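Peer 1:
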Amino acid sequence: MHHYYKLQEEFFVDMQRCIGCKSCEAACAECETNGEESMIHVNYVDRAVTIQTTVQVCMHCDDPVCANVCPADAITKDEFGIVHTANTSRCIGCSNCVMACPFGVPKKVEHYDLMMKCNMCYDRTSVGKKPMCATVCPSGALFYGTREEMEKMRPNSSPVNQFVFGQEVVKTKVNIMMPKGSTELKIF
Amino acid sequence: MAKLPIDIDRIIEQFGPTLNFPKPEGIPGRDEPDKVVETHCCFCGMQCGIKLLAKNNKIVGFEPWMEFPFNQGRLCPKGVQRYMQDNHPDRLTTPLLNVPGEGYRPIQWEKAMDMTVSEIKRIQSLHGKDAFAVLSGVSLTNEKSYMVGKLARTAIKTKNLDYNGRLCMVSAGAGNKKAFGLDRTSNNYDDLEKAEVIIVTGANVSETFPTLTYWLWRARDNGAKLIVVDPRIIPLARTADIHLDIRPGTDSALFGAILNYMIEHDMLDHNFIDNYTSGFEAAKEAVKDYTLEWAETITGTKKEKIEAAAQLWGKAATSFLLHARGIEHHTKGVENVLSCINIVLASGRIGKPYCGYGTITGQGNGQGGREHGHKCDQLPGNRDIENPEHRKYIAGVWGIDEKELPGKGLSAYEIIEAIHRNEIKGLLSLCFNPLVSLPNNNYVREALEKLEFYVGIDFFMSETMRHCDIILPGSLHEEEEGTVTTAEGRVVRIRKVVDPPKNARTDSAILMELAQRLGAGDKFNFVNSEAVFNELRVASKGGTADYYGITYAKIEKNMGVFWPCPELDHPGTPRLWEDKKFKTPDGKAHFNPVHYHPSMDPVDEEYPVILTTGRVVSQYLSGTQTRRIGKLVEQFAQPLLEIHPTLAAQYNIQQHEEVRVITKRGEALFPANIVETIREDTVFIPYHWPGKKSANQLTSGHLDPISKIPEFKVSACQLIPTGKQAYVAKDAPDYKSN
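Here the protein sequences line up with chains A and B, keeping their order. Those letters in the first sequence? Residues 1 to 188, per UniProt numbering, in order. Those letters in the second sequence? Residues 1 to 738, per UniProt numbering, in order.
1) In three-state DSSP terms, what is B/G61?
2) Per the DSSP calculation, A/V49 is bridged to which residue(s)?
3) If I follow the unbroken beta strand (DSSP E) through B/D162, where does it start and stop?
4) Could you name the residues of the stretch 4 to 27 of chain A whose beta carbon sits closer than 7 Å to any beta carbon of chain B, in the order they occur along the chain?
5) Check distances from the C-beta atoms of the stretch 65 to 78 of chain B to those of chain A and list, in chain order, the residues that come in under 8 Å.
6) Let me make sure I understand the geometry here. Which of B/L97, B/P22 and B/G45 has the alpha-carbon closest to that of B/I3?
7) Kindly confirm or deny that the stretch 253 to 271 of chain B and the stretch 288 to 308 of chain B touch, where touching means at least three C-beta pairs closer than 8 Å.
8) Taking the alpha-carbon positions, what's the B/Q47 to A/C137 distance?
9) Quick check: what's the CA-CA separation for A/M1 versus A/E36?
10) Taking the C-alpha atoms as reference points, what is the distance between B/A174 and B/R575?
11) Across which residues does DSSP place B/H590 in a beta bridge pair?
12) Which residue or residues does DSSP assign as beta-bridge partners of B/C355?
13) Taking only beta-carbon positions, decide if A/M1 is within less than 8 Å of chain B.
14) Using Cβ-Cβ distances below 9 Å, what residues of the UniProt domain "4Fe-4S ferredoxin-type" (47 to 80) of chain A are close to chain B?
15) Can you give me the C-alpha to C-alpha distance between B/G279 and B/P593, rounded to a whole angstrom?
16) From B/S125, B/H595 and B/S319, pick the residue whose C-alpha is nearest to that of B/D190; which is it?
17) So is B/D731 in contact with chain A if we call contact Cβ pairs under 8 Å?
18) Can you check the stretch 633 to 690 of chain B for any alpha helix (DSSP H) of at least 4 residues that lies completely inside it and give the ranges in chain order?
19) In terms of DSSP beta bridges, what is B/R383 paired with?
20) Can you find a CB in chain B that lies within less than 8 Å of the CB of A/C137?
21) Who are the neighbours of B/E676 on chain A, taking C-beta pairs under 9 Å?
22) By the DSSP assignment, the beta strand (DSSP E) with B/I419 in it spans what residues?
23) Give me the chain A residues within the contact set of B/W217, using Cβ-Cβ distance strictly less than 7 Å, ordered along the chain.
24) Between B/Y393 and chain A, is any beta-carbon pair separated by less than 8 Å?
25) Could you tell me the distance, in whole angstroms, from the CA atom of B/K302 to the CA atom of B/P380?
26) Tell me which same chain residues have a C-beta within less than 8 Å of the C-beta of A/K6, skipping the five on either side of it?
27) Interface residues of chain B around A/E151 at Cβ under 9 Å?
28) At the 8 Å Cβ level, is B/R660 part of the contact set with chain C, yes or no?
29) Could you check whether the Cβ of A/N119 sits closer than 8 Å to any Cβ belonging to chain B?
30) Classify B/Y454 as helix, strand or coil using the three-state DSSP reduction.
31) Tell me whether A/R90 is buried or exposed, calling it buried when 16 or more other Cβ atoms sit within 10 Å of its Cβ.
32) Between B/T208 and B/C44, how many whole angstroms is the CB-CB distance? I'm expecting something under 8 Å.
33) May I ask you to report which of helix, strand or coil DSSP gives B/A133?
34) Return the chain-ordered list of same chain residues with a C-beta closer than 6 Å to the C-beta of B/Y354, the five sequence neighbours on each side being excluded.
35) Chain B beta carbons: is any one of them nearer than 8 Å to that of A/P131?
36) Going by CA-CA distance only, name the one from B/Q654, B/A310 and B/S618 that's closest to B/K78.
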């Protein structure tokens, strides 16, 4: 089925547009592969002072730290750049990946004793569909499509997929939307 | 009788609400469904397209419907979880009889129908036709709404028929009829896309119409300036260009001041005002003293912010103004709507591309339901039940003498009041949960308990249905064919996906059998939903809401048709007023003078804090459906009292402390959620919960004199901290509070 994967389509996240409705979480959890757990997470930044929420999904790093630190080789990146959730027969539940991920994405799901994370709806994207979260997102905070479509739709924003953590530069498959002209996000 | 037969906790144990969760191992058959059916969400007025998956006559899941033009696959969490109302353990599947001391005894349909009809006849022979009332709801399709209206008027023959849209869009409907002579949003939402300035007032779009957010963001991508008016920093307000955090109940002061500002600074479309409107001088006179300084005093919002908004609005070349219940749930709901319309008309920005105005209709079929069926003063086609011509036409369609057609009846809350006064003795309700949704619900409960006979049609045992003497198990949205009319005025197709389970029946079958048993069977010889729609088309012909040119085939081909659509070859009307021929008697759009006056339950020394109510994103209205869907309940497990830290400090209220909120109607306990996202003089409670957790124990039954909408949005209250931390909802589940 690989030939159906649309290589030109990418994932874009725009935190400013998130309305905190958790439609993405509900839709993600519909997937039987996840055992009804959501692999995308919406949280209030600080509800006491603002209604703002953030949405965090696996960024699918070019050089995935989670895979690099896995002692059991349970996490792999495929030819399309998708970093897959831990192979259940290999994962030993050690949480190395949970601690190593710069974005705090993988979660150890205690009742399965497994690491679980987003695999970009591989069952959908591999047959040319869009990931479920980005399909249902009612505000457009999540979008899956081509860079050209995005640039046309959001003339005032630029997609960024380079993150600087101190000395460390991380490039990702997933983009976040930043003010026009931005090329990277520095996190100190 | 209409009293609970047994203890409320035993009823809840038997009939729920029970939470339905997807099973971790998945739902059998989802991977290989028998059917994938393109239909719509059962909840709000957006009526998002969705595909439902069915296997072996059971709903097993959903798939986004990417091609439907409004939402293109997008859904809110309610839409994602909507299919969990199917295969639900609480589903009513057999008629039930209320037996005091015993509970609800399953009975045969034959007996349930016999008892119902004999009670209707007994009450009407003793107390008159109008002593039996009907309360309906606009989650029903156009076809069912039409049948309810026809049943009440031609079979039950009562004038006292009204509906839960009375809590929803009636202020907007009345305002639109006064100004335009027609009740529909003026534009479809495509016109948002290139509007330069958008005002959203009293509409928590991101929680109540989440998929509409996308269109607002699209507009902002194109450079639109967004002005949000709301006492809270709602998600939409957080990034708005201007947020006017006005004091609840001061909307008409704000819009009066903006109109005055536009006049003083000559930001007017004189050509439009002179040629296509009337009443401008009176509207101008009414606001002549409404300065920015005055508006600041009344609204509690800085005059500089109001001026900035007035300038943006005044100077724009294109614009769109949207409002919803936030300005409509007031004793001056109609005036608030008219004050909005006045600034639209003054700008002349209507009936043109990217120039729009409209209310955002709340309920799934709030638009179509109010046009064709069950409004106390209305006949199909949005006709006036007191207009001799209109009466004659509908009497002709229905094959009755015009004299037999009842006149205008009481509105929903007035029906409850009349029951309380023992004037109305019997009630049929469907699709309405007034014990949760009407204000001052302790009073509503007293009224229900006075009924001599109460029959209800529903698919779940709502809080109100517990009071029924006879319960008739009806159907879900996905169990019948039909149409609904979305908030945009787009008529869309609802598809039957599965049959009602077990001994439940379709609502249409129940209504038709009631009609037949009441001697009006000849008027209800419908072979299917399409036959009902075809009669509705004729009934609406020539009315303002003219559906004559809309057919099932045309809707299916075009993924919806916008009314008015008077002829079969007419394409429908997404944008109204392009011809500037308004439907008022003089053909002009009407300005109306709006004087600001205070709400009916103003704060004072004894009740010093303003209480306002609204919704959360994961719940829908009275929660009959959404309080039974596990994930939607978990998302907001309990109603919280939103309060600003300054006000909390004044009362020494701590985070999540239980606070007693008291109004002149009653009192209730709510956990405090101390947030800076609300005005300092206002507290907010969402209203979806029942029993002791119901915000409507506190709200007032004061009604708008024109629209008869209750004033949910402003109550004066006291706050008394209890010194106790509130429980978490897991310990005492609020979704089924007694």
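Here a beta-carbon is modelled for each residue, glycine too, at the ideal position from N, C-alpha and C. All figures in this text were calculated on a predicted structure; none of them were measured in a lab.
Peer 2: Working from what's here:
1) Taking the second sequence and counting its residues from 1, one reaches residue 61 of chain B at position 61. In the displayed model, B/G61 falls within a strand according to three-state DSSP.
2) Taking the first residue of the first sequence as position 1, residue 49 of chain A is located at position 49. According to DSSP, which records beta bridges pairwise, A/V49 is partnered with nothing at all.
3) What you label residue 162 of chain B is simply residue 162 of the second sequence in a count that begins at 1. First-last of the beta strand (DSSP E) with B/D162: L161 to Y163.
4) Q16, R17, I19, G20, C21, K22, S23, A26 and A27
5) M66, N71, G73, R74, L75, C76 and P77
6) One-based indexing of the second sequence puts residue 3 of chain B at position 3. Per the sequence shown, residue 3 of chain B should be read as Lys rather than Ile. Of B/L97, B/P22 and B/G45, the residue nearest in Cα terms is B/L97.
7) yes
8) As a working mapping, residue 47 of chain B is identified with position 47 in the second sequence. As a working mapping, residue 137 of chain A is identified with position 137 in the first sequence. Here the C-alpha atom of B/Q47 lies approximately 16 Å from the C-alpha atom of A/C137.
9) Numbered from its first residue, the first sequence carries residue 1 of chain A at position 1. Numbered from its first residue, the first sequence carries residue 36 of chain A at position 36. For A/M1, the pLDDT reaches just 42, beneath the cut-off of 50, and the residue's location in the model is therefore unreliable, leaving the point undetermined.
10) Position 174 of the second sequence, counting from 1, holds the residue named residue 174 of chain B. Position 575 of the second sequence, counting from 1, holds the residue named residue 575 of chain B. Separation of B/A174 and B/R575 (C-alpha to C-alpha, rounded to the nearest whole angstrom) is 20 Å.
11) Locating residue 590 of chain B in the second sequence gives position 590, where the first residue counts as 1. Answer is B/S278.
12) As a first step, residue 355 of chain B is located in the second sequence; it is residue number 355 there, counting from the start. B/C355 pairs with B/S319 and B/K352.
13) For this step, residue 1 of chain A is matched to residue 1 along the first sequence. Only weak support is given to the placement of A/M1: the predicted model assigns it a pLDDT of 42, under 50, and the question is left unresolved by the model.
14) Within the UniProt domain "4Fe-4S ferredoxin-type" (47 to 80) of chain A, the residues whose Cβ lies closer than 9 Å to any Cβ of chain B are, in chain order, R47, A48, V49, T50, I51, Q52 and T53.
15) By 1-based counting over the second sequence, the position of residue 279 of chain B is 279. By 1-based counting over the second sequence, the position of residue 593 of chain B is 593. Each residue's alpha carbon lies about 8 Å from the other.
16) What you label residue 190 of chain B is simply residue 190 of the second sequence in a count that begins at 1. Out of B/S125, B/H595 and B/S319, B/S319 has the C-alpha closest to the C-alpha of B/D190.
17) Numbered from 1 along the second sequence, position 731 holds the residue referred to as residue 731 of chain B. Judged by the 8 Å Cβ criterion, B/D731 is not in contact with chain A.
18) 645 to 650
19) For the purposes of this step, residue 383 of chain B is identified with residue 383 of the second sequence, where counting begins at 1. Looking at the DSSP assignment, B/R383 forms a beta bridge with B/L379.
20) As a first step, residue 137 of chain A is located in the first sequence; it is residue number 137 there, counting from the start. At least one chain B Cβ lies under 8 Å of A/C137.
21) To locate residue 676 of chain B, count along the second sequence from 1; it is residue 676. Here the neighbours are A48, V49 and T50.
22) Along the second sequence, read from residue 1 onward, the residue named residue 419 of chain B stands at position 419. B/I419 -> not in any beta strand (DSSP E); alpha helix (DSSP H) instead, spanning A412 to H420.
23) Locating residue 217 of chain B in the second sequence gives position 217, where the first residue counts as 1. Per Cβ cutoff of 7 Å: R17, S139 and G140.
24) Taking the first residue of the second sequence as 1, we reach residue 393 of chain B at position 393. Interface residue (Cβ-Cβ distance to chain A less than 8 Å): B/Y393 is not classified as such.
25) Numbered from 1 along the second sequence, position 302 holds the residue referred to as residue 302 of chain B. Numbered from 1 along the second sequence, position 380 holds the residue referred to as residue 380 of chain B. Spanning the two alpha carbons is a distance of roughly 46 Å.
26) To locate residue 6 of chain A, count along the first sequence from 1; it is residue 6. Within the same chain, A/K6 has close Cβ partners T125 and G128.
27) The residue labelled residue 151 of chain A in the question sits at position 151 within the first sequence. Residues of chain B passing the Cβ test: none, with the nearest at roughly 11 Å.
28) The structure shown has no chain C; the protein chains it does contain are A and B.
29) By 1-based counting over the first sequence, the position of residue 119 of chain A is 119. No, A/N119 does not count as interfacial toward chain B.
30) Taking the first residue of the second sequence as position 1, residue 454 of chain B is located at position 454. In the structure shown, B/Y454 sits in a strand (DSSP, three-state: E or B).
31) The sequence position of residue 90 of chain A within the first sequence is 90, counting from 1. That one is exposed.
32) Stepping through the second sequence from its first residue, residue 208 of chain B is reached at position 208. Stepping through the second sequence from its first residue, residue 44 of chain B is reached at position 44. About 7 Å separates the two Cβ atoms, so the contact holds.
33) Taking the second sequence and counting its residues from 1, the one referred to as residue 133 of chain B is at position 133. DSSP places B/A133 in strand when its eight states are reduced to three.
34) Sequence index remark: in the second sequence, residue 354 of chain B carries index 354 (1-based). So the qualifying residues of the chain are D191, K194, A195 and T318.
35) In the first sequence, the residue the question calls residue 131 of chain A occupies position 131. With 8 Å as the cut-off, A/P131 does not count as an interface residue toward chain B.
36) Position 78 of the second sequence, counted from the start, is the residue given in the question as residue 78 of chain B. For the residues B/Q654, B/A310 and B/S618, the minimum Cα distance to B/K78 belongs to B/S618.
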